[in-house]
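K.L.:
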DNA sequence: ATGTCACTTTACAAGTGA
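Residue numbers (our numbering): 8 to 268.
1. Please go through the same chain and pick out, in chain order, the residues whose beta-carbon is closer than 7 Å to the beta-carbon of residue 141, but skip the five residues on each side of it.
2. Provide the residue span of the alpha helix (DSSP H) that contains residue 56, from first to last.
3. Rounded C-beta distance between residue 91 and residue 22? I'm assuming under 8 Å.
4. Please classify residue 37 as buried or exposed, where buried requires at least 16 other C-beta atoms within 10 Å of its C-beta.
5. Relative to the C-alpha of residue 177, which candidate in 162, 239, 9 and 131 has its C-alpha closest?
6. Is it buried or exposed for residue 56, if we count other Cβ within 10 angstroms and need 16 for buried?
7. Pull up the distance between the alpha-carbon of residue 197 and that of residue 124, whole angstroms please.
8. Give a yes or no on whether the C-beta atoms belonging to residue 40 and residue 20 are separated by under 9 Å.
9. Could you tell me which uninterrupted alpha helix (DSSP H) segments, each at least 4 residues in length, are contained entirely in the segment 83-148, listed from first to last along the chain?
10. Name the DSSP beta bridge partners of residue 209, please?
11. What does DSSP give as the partner residues of residue 64 in its beta bridges?
12. Looking only at its chain, what residues have a beta carbon closer than 8 Å to the beta carbon of residue 233, apart from the 5 residues adjacent to it on each side?
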């Protein structure tokens, strides 16, 4: 039996309602982690999701950020936020258990630009996330940490490493923060299945970046070894980034699909 | 690097965040 999990930064769940429904029909996932829902919990189109057969946990407030988890089985142990979050007013982390699997769904601080105050917040946010994970979980137990990390972990995760060298989303201090999570005991599931360069999961809306192949791999599924051992396939649904694929405009992120045996 | 998108507001354009 396969458990299929998708992570996708939707860039507004309202703007992506039709495409989200099509994605659920296309891949029939068991669990979906969404980021940048950009809506209060009580305004989210809950009935449409439930009508497709999913339980729903949400953590959103205001026009920015926001995360949600969908599951075909009942969600339990829902936890909003994390210990000592340096930006606790921003809903970025939602944890829940589905089918016996503990998930941490995250939308990392973007950072804007190296040197911007937001960049220092980003580094502090990752440090607090790491400390919380280390104090809460044991890497010998099943755990999946997935979402939009807003970091391309290696040069092979960037279309043009020289252009991106030292820039926000690819700078060394950010990459150190991701490596810190891997050093703790998490495994990058896509890299179990595919060598680089690529695939990418995000292309800027501007400058025709998608058409020109100017992408980054910012969306990751990291798992402890007991989960990694069950991973049989990882896909990027690159077609979902195309304007022609569905109704309405695409998100700037493509979904990442993970299969566990 | 920047050919965009989505959100909001003492709103019908402009600022913000990505």
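Idealized CB from N, CA, C, for every residue including glycine.
Owing to the predicted nature of the structure, the values given are computational and were not obtained by experimental measurement.
P.N.:
Let me lay it out:
1. 191
2. 53-58
3. That belief does not hold up - the Cβ atoms of residue 91 and residue 22 are roughly 33 Å apart, past 8 Å.
4. buried
5. 162
6. buried
7. 31 Å
8. no
9. 124-143
10. 223 and 260
11. 76
12. 147, 148 and 149
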